[in-house]
Structure formats: structure tokens, C-alpha cells
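Residue numbers (UniProt numbering): 1 to 1180.
Glycine included, every Cβ here is placed at the ideal spot set by N, Cα and C.
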């Protein structure tokens, strides 16, 4: 669903966004070092703040690895250093011209949307931004004047800072040994560079906070040749950072708020955050409420040999092996450790690479902006917790692929690509190239890389760094999954999916995952002196491997979200994250999630069998199967005493056995809402169509019984299902053992064509009745278990269908057909021709013409569109196992908020289908709960006044059909701008007209507005509660908003909802009526009898102009009502259509009509009789 341009982009910034970009500041190659320049690569920004929820587009800056260009703030100097570049046709002119051919962008409209988005996210720069420069220069001056500290032994150096300056050195774990034979010192920085995009107008919009990275290049003379070993570099780096903090703290002129954090959550790389705000520093005249400077220590690229820090080298050795070359052959590689050192020296090198990319490809900058937005909306950041893939990784990936990565070392991406082509090509690369199995190496000498299961490798050999070293196996799988989903979305020719790609947030856990589990952190890691974020990561990696092995193909994706470290004061040591929980998100494979048997290896494979038995413990057993194979096996019972789903029991077993019993005890599980909210047949599995199988089998048997009748004058062509019972979408299970149905399932019968049909509408209706009488006679004659009755309908509308046939199966309660009930209507296509001919009759009055038009619409709806819609839903439910549960949950949700009488079940299923056929930015839902949540999100964002709801029910929709539906919608809005007839417009490939289920103002505008408001409230509750959400809370509805409440007697209205049991309390009726079978005609007569619904229809017919009634069709015992405000008081006239009383106006000669509320309430009580328990008047 495409939102209108005016409301499509919610770009209002949130407070947690920074002012900086992650890529878009590029300098010339020969930069004068030492000048204060502005920030680009978010080397530390993500450490300052969490991504938060924010608005739909929140453009933060991830603070990537110092990857920014050092460009002087002196305009004349920058101009003098600029090198000439080849003359090329301007990119904007070129791309605009080519876009018209549809080759450079997805479509012309998509290009305009992209251009508009890029324009919106770029900030507007003002003269007040000079205050940022002044504040930076002031801080730079303070740092340059910090006194040097002579070389001192570690313990003495740390103690001096603690005692004199009250600054704790942020040493990483393990802390340095007390007897270390090297000293720490502080010397004046070699360079100080504020790197970034703010002064170059290349950033993106942010909120009230600006974050700029200040790179401090430590002098090389404070390091020794072997400092890359055994954390020595990191200890010296941490001490240097603590000295910077002490020096800034000691400054007497300006007092800053100082704190430590970890760069991207990497505990080896602490950083210093300097905060300036308007209140404490009014003299700076800042253009924002808060200004933060992230101080990032760095070193020169050639400080340590690149070969010593390759991923295949070990740099953490036992003390006696530090100088031993043989240690490299016996000790495991330390790729993360090595990359953490290497990345500190590559600030300038990577920015030169990116600068070259901007010179080579004009669209590079915009492609990086699009990528940063895409990453943001899916929750990816450079922080380890955020996946380890942020803006720097994205921009570096494109830059590398513009220079290489193709066949024979040629560029994989063309420099002539547009920004959209670069963006999509990068996504395709991520989606299709498995870097965990096949590493990608760019340029230079290709080293032998260590193989770590699940870890991706994008190795820049020229710089000696794996760009993806911060990623985890689960975050890489998630990145690939999201990339595949987006590529598939952008390949859809029917919808442009601009909003879904760049605007809609896709990182909300309850919408992204089918199952979300919270495991208390203390149950995973024992608290103690060794409690670090690295230990948490290690435990999560072990848990992930166990879950991946145990869940196997039950899931498509497993993701772990680790708790985030917080900043800490400079006077204390990092406490680490000891509270909170690790979140586990699973995207299920609906075909296998609830599988009862896990097959293992054969008995002959001793090693694999032993591994299988060790993993599953006492659950594993050896079994012989029908095909003769003997396999290690785990059997899961369909039900147990817990009542949990099979998937939850499997997950719980793995956590208890391979994590800890305390983790299982403290586990919060969110993922089986349908099991608690929906009724299921005995032994059936949730999230499947199995509860409806008895009904579908009964329908097939019923069709066989009909076709077996020999004496029908015409042959049966079709018997079509036309009911929610037969489309797997009703809340109640239609056919339970030993119980009758509550209402008959509607079906459409069509005979073979014949010229013997009369050519008159009245005669056709009488012929239908004759057919029904004959069929009823033949059915009852064919079996004693069948009861058939002809019914009459629409007696006051002769142009509509006049009759139907109810067929009930009674007899033996053990029969699979017992309790089944069907209502047949006959479809004769000649009726439509006769109605259309009558509509063309020019002698008809306007009223008669309206009746004919209504009859045509009713004919198409009942005999054509309802069966086609039902058939499409049957296919959809088979294709998507979770669709049935989603439709049922949504129907229940709509009913729980008492909108059942306003929203057609067919319209409800159209709402639910969107979560499967057009679910973007996600893939199709794999569980009913997720399907419900996503449908509610789509409804909450639906601007029904200006956008149609379009659903492809069969994957057969063409762009021409979509355009046709939009054209019809526009036409309706022009014809009926006040929306007096069509409020909601919902079209599909089955119903291109769009108003079949919503004509005649059903639902009304007040109901449509309430539907969207309720959906928004539900999404707000989801966002607020997260994993702690109790799904039942979404179905709770307050009665306080209504004017009157009509309370019904449960003993009267709920009898029909349970059906009738065989050999029940109706035995006395059997004797009175002369029937002694299991179920008599009195019992069958109750099928389809709903007194509450009939009462509601009477209320709407009699009082519908004065009151809007609401009702829950799934068991409600209250009918609330709202007074129509337009009827409160109006000019006096006859035939108002509702009870009123005259009221003398201010002028003595005139009267107005006031709504007679007391009289109407009394009439309602009289009409309801004993069915009405009481009526509460809440608002007079």
C-alpha cells in the first residue's frame, strides 16, 4: 500500500539521532594534518546513544571506525589542495535522463521519491553552526596544553591518576599484570582531527543533539615494537585516554561532563565522551541543546607491521612464548584482537579509499545515504550489539566493489551506476554471496585466513583488515535475510515499495520475529570479577550454536540481541552489564516448526550417532521406520501436561540442557498467542488448517452426496464454498465431534447450462424453489441421517435471491458427517443478464433504478465474488500455514472491540492477507501472532481517505490491475468526496471493484476511524510492553466510550453458540415431537438461529439513524451504542426517521426537533423483552 506523498515520510528527528553522517565527508589525498576538521565517520557516535525507537525514519550516525576524511576547515586551503578531475556530464542530469527509460531506477516515481528523501534528510546549515567550530577549537586547545607524563610503571601510573585526578584508567579485561615490565606515558598528540560531514553539508538531519568525532593520533614514540602482543597496546591506549580525561577535567575555564564508553561495544577500545550543553556553556551559543565530542585515540598506520596483525596470527601468548616464533603454529589465531589494533591505524587509509570512490562514481554518496537509512530502519549499527554492520561497513563495501571484487580483479560495480543501482547491487551482493563459507578478498597479497564457523570475511588485503570483524554469525545471517527480503521487494513490479524500503521501521522485535524469548543475563553468566561483555558474547555464541543444531530446520533464522553496555563516569571502572536479558528472536519455518519427529544419523555412523545422543540426552532413542531405516530419533508428543506448543517444548529442552536450568526458569516466552486465544479441535496444532479438516471433508462428502442424486433434472456443474467455515478463517471451529454446527456453511450450486430455464426473473426464483424441493426430497430419501428444509429470504426485495436449502446431517454421532450443516443457493447466470437489461430500461424511476443496481451488486457479491474470494483464501491458507490463524485472530480482535457488525468477514480476511502477500518490509509471516501484529501495524498506518487497500490473493496480479483499482478509487473519491457511500476501499485480484465488501457506507466513517485508532493503540502497546506483552491485553476493550450499553441475558443469547450435543437435554423434545433419533428437527432448527444477531438487526433497522450500535459476534453479551450527533437537535420537520420531541427555540414562533433519548431507550427495552437484562445510560 503506497502512502500519499504528503504523509509518506515521517522524517521528524528523534532526540537520539546525531548530526553526523557515516560516510559523506571526503578530503583530498594530501591533507594538512593538525587542523580541526569536522566529523564524518561515526567512530564513536553509537557509543553515545542507543538507536531507540524514534520516528519511522531516524537517521543516526553509527560512529564507525574512525573512517573519516581529514579536511581542513580553511576554505581557501582546501581549495588550493583540490586536484583537477576529469570533466564528466553532471550526475544529476545524466541520471534524470536515463531514469526516464526505467533503466537507472525502479521507476520514474521511485526516482522522484528517492530524490525527495535525499533532499529531506540533508540538514540545513546556518551561521550558528560556527559555534561548533569555536567549541571544537577550544577543546583542541585544552588537549594541546595537557602536560606530558613521564614513563611510569603500570601500578604507579594508575595509582597517580586515581589519587591526584580521580580518574580510573579504563583498562580492558584481563587487566594488566602488576609485574609488567613496561611503562606507561603520556605525550602531546601527534595530530588532532575532528572528522566528519557537518561543515561540508554532507550530513543528515538529526534531533537536538550533535555528536562529532575527534580523532587523537597518539605519538609513536610512546609505543614499543612488541606492544601489539598480550594487550600491551590496549593498556597504553587506555592510559593515554585516561590522561586526556584528566587533562580536560583539570581545565578551570570550561567544565565539561566526561564519561567513558566502548567503541562499538568493543571493550578493547574505550573512548572518551565530552558533553557540552547550552546551560553549562552559554558562551558557545550552540545551535543544539547538547553537543557531544567523542574522543577516539588512534595511531599511525605503520606503527605495527601489517603482517603481524593478519587474522591468521596469534597475538595473545603465554608469557614464556612472547618471543617464540613457534607460538604462531601452536596457538589459535586472534582475529578480533588483531583487527581491534589494526582498525585504530586505518582512519586515513579508509577515507582515502572512500574519497577515491566519490571521484570515480558520482552516485556513491547518495548510495551511502540510502544504505544508512536502510540499515537504520532495520536496526543495524556498527556496535556489536547492533550487528557490527553500520554505515562505515556499508560505504566501505561499496567503495571496495567499485575498485574490485569482480572477475579477474575488475570492479564488481560500474562507476556509471545510479544511487539506486548501487544500493540494490550492494544488497544483492550481501544477499547472494555467503562470505561465511566463501570469503571475499580485495587486492594485495591474499593471506591464508582462519575459518571460524559462521563468521563472515570481507578482507581488504591492502589494508590488512576484515571489514566485518565485529559481526557475529547470527547478525550476519540476519543481514543476509533482510537483504534477500529487500531485493525481492524491489523486484516486485506491481508496487514500488519505497515506504517499505526506506520509511517503515523493520527492527521491532514483535513484528520481525515469530517467537521472542528473554533470558535473564544472570542465568547465562555467573557474576564475578571476570564478568565482561566479551564473556557474554562467548556465552551467546555457544548458545547460538546449540540452538542452531537443535532447532535446525524448524527455524529460518535465529538472532540474539545482547544487552548494551552503558557509559560510566571517568572516576570509576566499567561495571559491565549485569542486569537485563539476552533476547532471542526466531523466524519460524511453518512447515517444520511443530514437527513431532527429529531424525538423526543412522546407527552405523557411530561418531554422528554418539554426537546426536550427547546433544539430546535421554530424549534420543533408536527407531526403525517403515522404509526399513534405523535412525537415531527424538519424538515429541503432540500434547503434554504443559499445554505448550511443540516448538516451545523443543526450545525449552535445549535451553535447560545446554544453557542452564535457571535460564529456563527465568525465561519469558512470547510467541504462542493463538494457542491461548483461539479454540482448536482436539489434537489439532495451532497455526495450521488442521482444525478445519473435518469440515472440509464433510464438504467434499456433501458434494459427493449431491452428485450422486440421479433424478435432478440438470447436471451439477459446480458446488462452490462461500463461507468462512470453508476458508479456514472463522474464529470458531465449525465441526466438533458429537456436536452440531452453530450455523450452516453457505455454498453455491450451479447447474449445467440449459435452455429450459425461464427468461423471467420471478419465474427463475420459482424454478429455484422447485429445484430445492426436489433436491430436499432426494437427499432425505437417500439417507436417514439427512434433514433438508427449504427457506425463504428477501421477501421484501423481489429482485434478490428468494430461496435457499438447508441440509443437516444427524444420525449416528460417531459419523464424521454428524452435525454438519450447509445452506445452498442456486446460481443462474441468466439472472445477471436480465437485471442488466432492466437497468437499461429508461422508463424506470430513480428509486426503481437504485433497486436494480443494488440487486446487481448483491448478485455479483453472493454468486460470483464470495465464492471466488473463498476459493482464493483456501489457496492462500494452503500456501501460508499461518494465514488461517492470523485471519481468525484478526476476526477475534475486531469482534473483541465490537466491530463485528460493521466489518465484513471478507474484508477482515483481506486485511489479514496483506501480512502474507504484501508483507514488506518483512517476509510473509510464519506464525499467526506475528501475522496479527503486522496486520495491525498496516491498519494503523492506513490513510483510508486517500489510499485504497490492495491485496494480491493469488500472486497473479499485474500492474495494470493495480492501476485499475487505483483509478476506480480516485473515481469514487471524485464522485463521492464526502464519502457518504464508500468509505473504505479494498480491492484484490478477485475483486477489482474495491467496494464489494464496503458499499453503502459499511463500515461508516466513525467505525473506520475507530478501527485505525484501535490498531494504533495496539501497536503502541506492543512497542511499550515488548517481550513482556500479554497478548490477551490487545483484545481487551473498554465500554466507557459508549453512550448506552444494552446488556443481554447470556442464558438466551449464548445457547446457539455451543451447538447441540447428541443425546442431550433435548430428549424430551424428541418424545414430544415424535422423534426418537439422536437429533430431531427441533435440534436442527436451532442451527443458524442467533437471537442476539436478529435483535441487533432489528435495532439497526428501527433506530439506526439515531444510534450506531456495536457488537461482538464471537460471544458478546453487550450491545453498546453511540448517539448520532447530527440528530441531537435539528430543525423541525416531518418524517425524521427517529423519535424526537419538539423544543421551543429562542424565537417563540419556531420549534426544533430534539432526539428523544429516553423514549428510544424505552422502546429498545420493549423490543428486546426478556432478552435484555438492563440498559445503562452512560452519557446523556
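Q) Counting along the chain, where does the alpha helix (DSSP H) carrying residue 841 start and finish? A) First-last for residue 841: undefined, no H or E at that position.
(Q) Considering only their Cβ atoms, is the gap separating residue 1000 from residue 973 smaller than 8 angstroms? (A) Between residue 973 and residue 1000, the C-beta gap is not smaller than 8 angstroms, which leaves the two residues out of contact.
Q | Rounded straight-line distance, which links the Cα of residue 401 to that of residue 573 | A | Between residue 573 and residue 401, the C-alpha separation is close to 42 angstroms.
Q: May I have the straight-line CA-CA distance separating residue 538 from residue 143, to the nearest angstrom?
A: Straight across, the Cα-Cα distance linking residue 538 with residue 143 is about 37 angstroms.
Q | Of the residues 420, 461, 1111, the one placed nearest residue 448, counting alpha carbons only | A | Nearest option by C-alpha distance: 461.
Q) Would you say the segment 434-447 touches the segment 351-360, given that touching needs at least three Cβ pairs under 8 angstroms? A) For the pair of segments examined, the segment 434-447 was found not to touch the segment 351-360: the number of CB pairs separated by less than 8 angstroms stays below three.
(Q) Quick check: the segment 723-733 against the segment 878-888, are at least 3 beta-carbon pairs closer than 8 angstroms? (A) Here the segment 878-888 lies against the segment 723-733, with 3 or more beta-carbon pairs under 8 angstroms apart.
Q: Mind the definition here: the segment 1004-1017 touches the segment 859-879 only if three or more C-beta pairs lie below 8 angstroms; say whether that holds.
A: Touching, no, given that fewer than three Cβ pairs across the two stretches are closer than 8 angstroms.
Q: State the DSSP-derived secondary structure class of residue 859, mapped to helix, strand or coil.
A: Residue 859 falls in the helix class under three-state DSSP.
**Q.** Given 8 angstroms, three or more beta-carbon pairs between the segment 1096-1110 and the segment 894-905
**A.** Yes, the segment 1096-1110 is in contact with the segment 894-905.
Q) Which partner residues of residue 442 appear in the DSSP bridge assignment? A) Note: residue 442 sits in a beta bridge opposite 460.
Q: Tell whether a beta-carbon distance below 8 angstroms holds between residue 1035 and residue 892.
A: Yes. Within cutoff.
Q. Roughly how many angstroms separate the alpha carbons of residue 746 and residue 790, rounded to a whole number?
A. C-alpha separation (whole angstroms): 14 angstroms.
Q. Since residue 581 and residue 1031 are thought to touch, with beta carbons under 8 angstroms apart, how far apart are those beta carbons, to the nearest angstrom?
A. Distance from residue 581 to residue 1031 at the Cβ level is roughly 19 angstroms; contact not present, criterion being Cβ atoms closer than 8 angstroms.
**Q.** residue 799 classed as buried or exposed, judged by whether at least 16 other C-beta atoms fall within 10 angstroms
**A.** Residue 799 is buried by the Cβ-count criterion.
Q: Please report how far the alpha carbon of residue 1173 lies from the alpha carbon of residue 1054, in whole angstroms.
A: In a straight line, the C-alpha of residue 1173 is about 14 angstroms away from that of residue 1054.
Q. Name the DSSP beta bridge partners of residue 604, please?
A. The partner list for residue 604 (beta bridge, DSSP) is empty, contrary to what the question assumes.
Q. In the structure shown, what three-state DSSP assignment does residue 360 receive?
A. Three-state DSSP puts residue 360 in a helix.
Q | Inter-residue Cα distance where the pair is residue 210 and residue 121 | A | Residue 210 and residue 121: Cα-Cα distance of roughly 15 angstroms.
(Q) Looking at the strands, I want to know which residues DSSP matches up with residue 261. (A) Listed as beta-bridge partners of residue 261 by DSSP are 271.
Q: Would you list the one or two residues that DSSP bridges to residue 633?
A: Its beta-bridge partners are 599, 621.
**Q.** Close-in-space but distant-in-sequence residues of the same chain around residue 1183 (CB under 6 angstroms, 5 per side omitted)
**A.** No answer is possible for residue 1183: it lies beyond the span of the chain, which begins at 1 and ends at 1180.
Q. What runs of the beta strand (DSSP E), each 3 residues or longer, lie entirely inside the segment 733-817?
A. You should have 745-751, 786-792, 803-809.
Q | C-alpha gap between residue 268 and residue 888, whole angstroms | A | C-alpha of residue 268 to C-alpha of residue 888: approximately 51 angstroms in a straight line.
**Q.** Short Cβ contact (8 angstroms threshold) for residue 270 with residue 238
**A.** Yes, Cβ-Cβ distance for residue 270 and residue 238 is below 8 angstroms.
(Q) Taking the straight line between their C-alpha atoms, what separation do you get for residue 875 and residue 913? (A) Cα to Cα, the separation comes out at about 12 angstroms.
Q. Just the Cα atoms here: how many angstroms apart are residue 414 and residue 487?
A. Residue 414 and residue 487: Cα-Cα distance of roughly 19 angstroms.
Q: State the DSSP-derived secondary structure class of residue 1160, mapped to helix, strand or coil.
A: In the displayed model, residue 1160 falls within a helix according to three-state DSSP.
(Q) Measuring straight from C-alpha to C-alpha, what distance separates residue 463 and residue 351? (A) Approximately 12 angstroms between the Cα atoms of the pair.
Q: Quickly, what does DSSP pair residue 217 with across the bridge? List them, please.
A: Beta-bridge pairing by DSSP links residue 217 to 191, 298.
Q. Hey, out of 485, 469, 453, whose CA is closest to residue 432's CA?
A. With distances taken between Cα atoms, residue 432 lies closest to 485.
Q | Beta-carbon spacing of residue 392, residue 468 below 8 angstroms | A | No, these two residues do not count as a Cβ contact at 8 angstroms.
Q | Range of the contiguous beta strand (DSSP E) that encloses residue 556 | A | First-last of the beta strand (DSSP E) with residue 556: 555-561.
Q. Buried or exposed: residue 221, going by 16 or more other Cβ atoms within 10 Å of its Cβ?
A. Counting other Cβ atoms within 10 Å of its Cβ, residue 221 stays below 16 and is therefore classed as exposed.
**Q.** Coarse secondary structure for residue 290, derived from DSSP in three states
**A.** In the structure shown, residue 290 sits in a strand (DSSP, three-state: E or B).
**Q.** Nearest-angstrom Cα separation, counted from residue 264 out to residue 296
**A.** Cα to Cα, residue 296 sits roughly 12 angstroms from residue 264.
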